[in-house]
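Colleague:
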Amino acid sequence: MNTSSTASILPAPLATPVPAVVHDSGADAAPGVIVIASCATLGSTLVLHLAGEIDHYSAAPLRALLASAADNGCTGLVLDTARVAFCDSGLLAVLDWWPRRGRRLRLVNRSRAVQRLLASAAAAGRQRAQAGPPTAAATS
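So the sequence shown is residues 243 to 382, counted in our numbering.
1) Tell me which residues share the same chain as A335 and place their Cβ nearer than 6 angstroms to its Cβ, disregarding the 5 neighbours each side in the sequence.
2) Could you pull the start and end residues of the alpha helix (DSSP H) that S331 belongs to?
3) Quick test of your reading: L319 and L347, contact by CB under 8 angstroms. State the CB separation rounded to the nearest angstrom.
4) Give me the Cα-Cα distance between S353 and P375, rounded to the nearest whole angstrom.
5) Using a Cβ-Cβ cut-off of 6 angstroms (strictly less than) and excluding sequence neighbours within five positions of L333, which residues of its own chain qualify?
6) On the criterion of 16 or more Cβ atoms from any shown chain inside 10 Å, does D322 qualify as buried, or is it exposed?
7) Is it right to say H291 is buried, meaning 16 or more other beta carbons lie within 10 angstroms of its own, or is it exposed?
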């Protein structure tokens, strides 16, 4: 029995090719990339040098690293953010989580992106404080 053939399996295209359509939403769909340039411990303090972009997605490995460090007894954290080009609330979530249960946090060499984020967060906190607690009418 010979199974070789020169005839194509599908003799004609089944559908007319459709040109690719590019949709630009205007936003960068790719998650940021954060690089932990160096990581060291000094006693019970973890020292991290961060670089790149920190957003909700790229902060996940950082959160996992910090959770592991906390589980292993680290009570202090020093973050060098000099080489962070972009950051959003993903970094704020990390910064909010770490000091829980009495852990210490220190930010050193803050990049412009980190300074802007912290200033925005502080301004939003001041606005909430000035607005006061929500009223019953506003929550209904």
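Where is the CB? At the ideal position from N, CA and C, for every residue including glycine. Bear in mind that the values here come from a model prediction, so they are computed numbers and not experimental data.
Modeller: Well, looking at it:
1) none
2) S331 to W339
3) Taking C-beta atoms under 8 angstroms as the contact rule, L319 and L347 qualify, at a distance of about 5 angstroms.
4) Annotation: S353 to P375 spans about 34 angstroms, alpha carbon to alpha carbon.
5) I296
6) Counting Cβ neighbours within 10 Å, D322 comes out buried, since at least 16 surround it.
7) buried
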